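Trainee: Below is the structure I would like to discuss, written out as C-alpha cells.
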Amino acid sequence: MAKTRIAILGGGVGALTTAHFLSDTDEKRARYDVTIYQMGWRLGGKGATGRDQWNRIQEHGLHVWFGFYNNAFKMLQDVFDVWKRSPDNTFQSWRDVLKPQRFTPIGMVLDGGKPAYWPLTWPVLGGEPGSANVMPTLPQAIASLVGVVRDVFENWDELSGLIVDGKLVHIDGRTVAPMPVLPADQQVLPAPLATRFADAIRGWKDREVRHLAQAEALVKGAAVTTAKDAAIAAHRLIRALADGAQNGPGSNPSAAPPVEHFHDLMKLLRLIEAAAATLPSNHVARDLLAFVLPFTVGIIADFGIEKRTADSLDELEFTDWLIRHGGDAAALKQSCSLRTCYDTFMQYKDGDYRQPNWGAGVAAQSCVRMFATCRESVMWNMEAGMGEVIIAPIYQTLLQNGVKVKFFRRVEDIGLSEDRALVETVRLARQVDLADGGDDYQPLITVPLEDKKFLLAWPLEPLWDQIKDADKVQAALATNNSSLESHWCAWEPVGSETLQRGRDFDVAVLGISMGGFKAMNDQPTLAAELQAASPAFNAMTSNIGIIPTLSMQLWCGPDLQGLGWEPGQPAAVAGPEPWSIWAEMGQTLPYEFRPGGTGAPQSETPKSVHYICGVWQTGLVARPTTDLAVPKEALDNVTNSAAEWLDAYMGNFWPKATVSGHGGVGFNWNVLYDPWNGTGRERLSHQIIRANVDPTETLPGSAAGSTQYRLRTDASGFYNLFLAGCWVRTGFNTSCIEATVMSGMQAARAISGTPLFISGENFLNGAPS
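Here's what the structure looks like:
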C-alpha cells in the first residue's frame, strides 16, 4: 500500500509538531511520507536561534516556558525518550534544558514617575509539567483564584517591599498598611448565606475541626471582621464546593455546584472588594486585588452562573470585561498586575503598547491556566538557545523517524484545482543550490564545551561552505543587511520547483506564520488563491492583526550585583515601555564563552547577559518586498530606541551602570562586553539587536472579536489542506508555545484519524478537557 505523502509548508513549532505526531509510531511511519519545506537554513520559526562568530546565542526575543504547557512539556519529554543522542551531548534529559524560574518582578511606577519593581516570587508547586494532562474543574480553578486572594491577606505582615534603585525597600502606603476591615454593617453574614456555607463545609471530606467551627460560628452570627476573615471563609467555601462533597457520597467531583453557592461566593468577594478599597490607592495589594477580585467574580458569573464559553466572551475586550464585573476603571488603567497579563502575551493592537487589546475569553483562559494549572514552577527558563535545547532535538528525532526536511525552499504560491476544492500545486523558490550538487544540507554545528561535552546548535547564517556561489550570495545580502529568511531578501532565487498533487504530495499542511500570507499591500500573497476561493479564509487573514516586536541581548562585564541589582536573577515584566520585559539569562553563558576558547576574544568573559524585549508599532511590516531599505531602516530605528531607553531607564535598575554628564545621569556603555572593543554607544551596536518586522516574525493578535474569524485545523475550506500555527482556532487562541503545539497535534490528529488526547483544548469552552 502506497504511503500518503504529506507536504508541510514551514518549519516553525506548529509544523514540527505536526510532523512529530505523524511519525511517532511504527504504524504512522508505515502510512505517511512526510516532507517539511523550509525557507532558509534553520527550523524553529519565531523560536529559531543562531550562533554568531563569537558563539553568542541570538534569539528572536525572550522565550520562556510556563508550567501550564502540558502538551508542549509532554511532547518534549517524548522527544528526549526516543532521541538517539551521543552520550557526550551535554543535554541528556528534558530537565537538563529547562529549569524553574520563580522570581518574576512586576514593574510599578512610583510617585513622580520613577520606575520600580514589586519582587514577586512564586511558590514551589506540586506535580511535574506534562505528566498530568487533566485540567481543573471550574470549582477547582476558582478555588485557586480565591487562594491567591487568601494568600495576600494571610501573608499581610510579610508583604514584600519594592525594588527601588536595585535594592529592596519598604515604603509607607505602598507596602505597609493596616489589615483592611469590612464595612461595619456587613460584618455578619446573612443567615441563609451562613447556613449554606455551613452545609457545604459539613459535607467537605477534607474539612478540619477548625473549618467546621468557623462555619457553625457564622451560622450563630459571628462577625467576619477583616478582609482576611472573608478571604479564608471564601476559600473554604469554594474548596468544599470543588470537592463535590455537597452532593453526597459517591457524587461526581466535576458536577457544578448549586448556583446559589456561586452567588454566596461572589458576596464574600464583594465584601473583600469593599475592604480593599480602603487601602491607599498606590498600595501593591490594592493593585493586585483590583485585578484578581473582578477577574474571579467574572469567572464565577460568566462560567459558573451564566454557563458562557471562553470563545463567546472574546467579543469583549479583557479590561472592559473586568469593569463589567465590578473592576474600577481608573484602578485597572493603572494596574501593573493587569499590564503584566498583556505584556506576558504581548497583546497590543498593531504592537502599540498604548492600545492593549485581548479577547476576554482567551485572556480568562490564559490567566486561569497560569494561576490554576501550572506544575512545579510557574515559569521555566531554557539553559541555552531555544533552537538548541528544543528545536534541534525535535529535528534529529524527526530525521530518525524518516521525516525529510528540504531547506532553502520559500513558498511562493499555493495553487488550487479547477473546482477550487483541493490544493493542486505548491510553487517553491529554490533560494540557493548546494556546492556538492546535491540536496542534503546539514544545518547543525557542534559547540564544544568543558569535559569533552558538546551541544548541537544552528548557525546565525547558512554554513557557507555547503552553498554554491556563497561569496555572491553573501555580497548580495550585505547590500541591505538582509538574509535568506528576510521578506526583503536582496538575493534572487536560483530556481523554482512546483510540487504537484498526486506526484509530490497528497495532503498539505500550511504551517507558516500568518504574517507570511496576510495581505498587507498590493502584492499578492502565497495564499492569494485560497483567499479568493474561500470567504472564511479571507476573513481570517483580514481580521486577525499581527504584532511586531523588538529585542536586544546585552552581554555585560559585571554580574547583576556589579551592575547594582541586588535581589537575584529576575524574569521581570511590565517595566518601562516599549522595552518592558527583562530577564537576566546568565545560565546560558557557560554554553557560549570559555576563557581562551570558543567565543572568548579576550581573557575576560561576560558575567551576565540580559534579554530585553517588547512590542513595537511600525508601518515597516507592510512595506512591499521590493523596498530593500527596510531591514537597515528597521534595525537603525530599534537600535536608536534601545539606546534612548537604556539612557533613560536602566539606571533605575542598574545604579552602578550609570555615568554623569551634561545631560544628567546616563547609561555607562562600558559595562557592555564588546568583542570588538568599541567605545561609547558604539558598544551597543556590537550587542544583538533585533527588529522583528519580517511578517513571518510577527505574532498573530488575539484582539476582542477576532476569535470568530480563526479557522480550525480541518476547516481551511480545502479538502487536502490542514492548518498549524498559533493563528489556528485551537481552543486556546493566543500566541504561545502551548497553543502552537496544540495546533500541530490537532493537524496530525485530523490527518491521521488516530485518537490523540490534547490537554485543555476544550478548557472553559463547555466540554471536558
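According to the numbering used here, numbering within the sequence shown proceeds without interruption in unit steps and concludes at 808.
Idealized CB from N, CA, C, for every residue including glycine.
The structure displayed is predicted, hence computed values, not measured ones.
Determine the extent of the alpha helix (DSSP H) in which residue 576 is found, giving its start and end residues.
Mentor: On the sequence shown, residue 576 is found 537 positions in, with the first residue counted as 1. Its alpha helix (DSSP H) spans residues 574-582.
Trainee: What is the DSSP secondary structure of residue 461, reduced to helix, strand or coil?
Mentor: As a first step, residue 461 is located in the sequence shown; it is residue number 422 there, counting from the start. The answer is coil: DSSP assigns residue 461 none of H, G, I, E or B.
Trainee: Kindly give me the distance between the Cβ atoms of residue 759 and residue 461, rounded to whole angstroms, as I take these residues to be in contact under 8 Å.
Mentor: Counted from its first residue, the sequence shown places residue 759 at position 720. Counted from its first residue, the sequence shown places residue 461 at position 422. So it is a contact: roughly 5 Å between Cβ atoms.
Trainee: Kindly list the residues whose CB is nearer than 7 Å to the CB of residue 606, restricted to its own chain and excluding five residues on each side of it in sequence; keep chain order.
Mentor: As a working mapping, residue 606 is identified with position 567 in the sequence shown. If we look at residue 606 and ignore the five residues flanking it on each side, its Cβ neighbours are 158, 202 and 207.
Trainee: With DSSP as the reference, label residue 535 as helix, strand or coil.
Mentor: Here residue 535 refers to the residue found at position 496 of the sequence shown. It is a strand residue.
Trainee: Does DSSP classify residue 768 as helix, strand or coil?
Mentor: Position 729 of the sequence shown, counting from 1, holds the residue named residue 768. Coil.
Trainee: At which residues does the beta strand (DSSP E) containing residue 649 begin and terminate?
Mentor: On the sequence shown, residue 649 is found 610 positions in, with the first residue counted as 1. Start and end: 647-654.
Trainee: Taking the beta strand (DSSP E) that residue 623 falls in, what are its first and last residues?
Mentor: Start at 1 with the first residue of the sequence shown, and residue 623 comes out as number 584. Its beta strand (DSSP E) spans residues 620-623.
Trainee: Is residue 87 closer than 8 Å to residue 497 when the C-beta atoms are compared?
Mentor: To locate residue 497, count along the sequence shown from 1; it is residue 458. To locate residue 87, count along the sequence shown from 1; it is residue 48. It is a contact, given that the beta carbons lie within the stated cut-off.
Trainee: Below 8 Å on the Cβ atoms is my contact criterion, and I expect residue 318 with residue 325 to pass it. Report the Cβ-Cβ distance as a whole number of Å.
Mentor: The residue given as residue 318 occupies position 279 in the sequence shown. The residue given as residue 325 occupies position 286 in the sequence shown. The pair is a contact, with the Cβ atoms about 4 Å apart (cut-off 8 Å).
Trainee: Going by the DSSP bridge assignment, what does residue 862 pair with across the sheet?
Mentor: This structure cannot settle anything about residue 862, because the visible part of the chain is limited to 40 through 808.
Trainee: Taking the beta strand (DSSP E) that residue 731 belongs to, which residues open and close that run?
Mentor: In the sequence shown, residue 731 corresponds to position 692, counting from 1. First-last of the beta strand (DSSP E) with residue 731: 727-731.
Trainee: State the Cα-Cα distance for the pair residue 573 and residue 455, rounded to the nearest angstrom.
Mentor: For the purposes of this step, residue 573 is taken as the residue at position 534 of the sequence shown. For the purposes of this step, residue 455 is taken as the residue at position 416 of the sequence shown. The straight-line gap from Cα to Cα measures roughly 11 Å.
Trainee: Could you give the first and the last residue of the continuous alpha helix (DSSP H) run that contains residue 368?
Mentor: Here the question's residue 368 lines up with position 329 in the sequence shown. Element bounds for residue 368: 368-373.
Trainee: Looking at residue 92: is its Cβ nearer than 8 Å to the Cβ of residue 610?
Mentor: Locating residue 92 in the sequence shown gives position 53, counting from the first residue. Locating residue 610 in the sequence shown gives position 571, counting from the first residue. For residue 92 and residue 610, no; Cβs fall outside 8 Å.
Trainee: I'd like the list of long-range same chain contacts for residue 547, defined as Cβ closer than 7 Å, with 5 residues on each side in sequence excluded.
Mentor: Position 508 of the sequence shown, counted from the first residue, corresponds to residue 547. Once the five neighbours on either side are set aside, the close Cβ partners of residue 547 are 46, 48, 462, 465, 759 and 760.
Trainee: Assign residue 154 to buried or exposed, taking buried as 16 or more other Cβ atoms, counted over all protein chains shown, within 10 Å of its Cβ.
Mentor: What you label residue 154 is simply residue 115 of the sequence shown in a count that begins at 1. Classification of residue 154: buried, given that the 10 Å Cβ count is 16 or more.
Trainee: Whose C-alpha, out of 795, 83, 774 and 794, is nearest the C-alpha of residue 425?
Mentor: For the purposes of this step, residue 425 is taken as the residue at position 386 of the sequence shown. Selected option, being the one with the closest Cα: 83.
Trainee: Please specify which runs of the beta strand (DSSP E), each continuous and at least 3 residues long, are wholly inside the region 232-310, giving them in chain order.
Mentor: Whole beta strand (DSSP E) segments, 3+ residues: zero.
Trainee: Nearest-angstrom Cα distance between residue 468 and residue 74?
Mentor: Residue 468 sits at position 429 when you count from the first residue of the sequence shown. Residue 74 sits at position 35 when you count from the first residue of the sequence shown. Straight-line Cα distance between these residues: approximately 16 Å.
Trainee: Between the alpha carbons of residue 342 and residue 181, how many angstroms are there, rounded?
Mentor: Looking up residue 342 in the sequence shown gives position 303. Looking up residue 181 in the sequence shown gives position 142. Distance between the alpha carbons of residue 342 and residue 181 is about 10 Å.
Trainee: Let me know if residue 540 comes out buried or exposed under the rule of 16 or more other beta-carbons within 10 Å of its beta-carbon.
Mentor: The residue labelled residue 540 in the question sits at position 501 within the sequence shown. Counting Cβ neighbours within 10 Å, residue 540 comes out buried, since at least 16 surround it.
Trainee: Can you list, in chain order, the residues of its chain whose CB lies under 7 Å from that of residue 12, leaving out five sequence neighbours each side?
Mentor: Outside the displayed span of the chain (40 to 808) sits residue 12, for which this structure offers no information.
Trainee: Bridge partners of residue 809, per DSSP?
Mentor: Residue 809 is absent from the model: the chain starts at 40 and stops at 808.
Trainee: For residue 557 and residue 787, I'd like the C-alpha separation in whole angstroms.
Mentor: Sequence index remark: in the sequence shown, residue 557 carries index 518 (1-based). Sequence index remark: in the sequence shown, residue 787 carries index 748 (1-based). Going by the C-alpha atoms only, they are around 24 Å apart.
Trainee: Can you give, in chain order, each stretch of the alpha helix (DSSP H) that sits fully within the region 151-222 and has at least 4 residues?
Mentor: Runs found: 177-193.
Trainee: In the DSSP assignment, find the alpha helix (DSSP H) that holds residue 811 and state where it starts and stops.
Mentor: Absent from the structure is residue 811, since the part of the chain shown begins at 40 and ends at 808.
Trainee: So, using beta-carbon positions, are residue 358 and residue 377 closer together than 8 Å?
Mentor: To locate residue 358, count along the sequence shown from 1; it is residue 319. To locate residue 377, count along the sequence shown from 1; it is residue 338. Result yes, Cβ atoms of residue 358 and residue 377 sit closer than 8 Å.
Trainee: Of the choices 338, 791, 805 and 802, whose alpha-carbon is the least far from that of residue 63?
Mentor: Translated into the one-based positions of the sequence shown, residue 63 becomes position 24. The shortest Cα separation from residue 63 among 338, 791, 805 and 802 belongs to 791.
Trainee: Straight-line CA distance for residue 399 to residue 533?
Mentor: The residue labelled residue 399 in the question sits at position 360 within the sequence shown. The residue labelled residue 533 in the question sits at position 494 within the sequence shown. Using only the alpha carbons, I get a separation of about 47 Å.
Trainee: Along the chain, where does the alpha helix (DSSP H) that runs through residue 493 open and close?
Mentor: For the purposes of this step, residue 493 is taken as the residue at position 454 of the sequence shown. Not the alpha helix (DSSP H): residue 493 falls in the beta strand (DSSP E), residues 493-496.
Trainee: Under three-state DSSP, which class holds residue 776?
Mentor: Counting from one through the sequence shown, the residue named residue 776 turns up at place 737. Residue 776 falls in the helix class under three-state DSSP.
Trainee: Where do the N-terminal and C-terminal ends of the alpha helix (DSSP H) with residue 434 fall, by residue?
Mentor: Residue 434 sits at position 395 when you count from the first residue of the sequence shown. Taken as a continuous stretch (DSSP letters only), the alpha helix (DSSP H) holding residue 434 covers 431-439.
Trainee: Roughly how many angstroms separate the alpha carbons of residue 301 and residue 419, rounded to a whole number?
Mentor: For the purposes of this step, residue 301 is taken as residue 262 along the sequence shown, with counting starting at 1. For the purposes of this step, residue 419 is taken as residue 380 along the sequence shown, with counting starting at 1. Near 34 Å, if we compare the C-alpha coordinates of residue 419 and residue 301.
Trainee: Could you tell me the alpha carbon to alpha carbon distance between residue 800 and residue 683, rounded to whole angstroms?
Mentor: In the sequence shown, residue 800 corresponds to position 761, counting from 1. In the sequence shown, residue 683 corresponds to position 644, counting from 1. Taking the straight line from one Cα to the other gives about 43 Å.
Trainee: Given residue 680, which residues of its chain have a CB within under 6 Å of its CB, disregarding the five upstream and five downstream residues?
Mentor: Numbered from its first residue, the sequence shown carries residue 680 at position 641. Excluding residues within five positions, none has a Cβ falling inside 6 Å.
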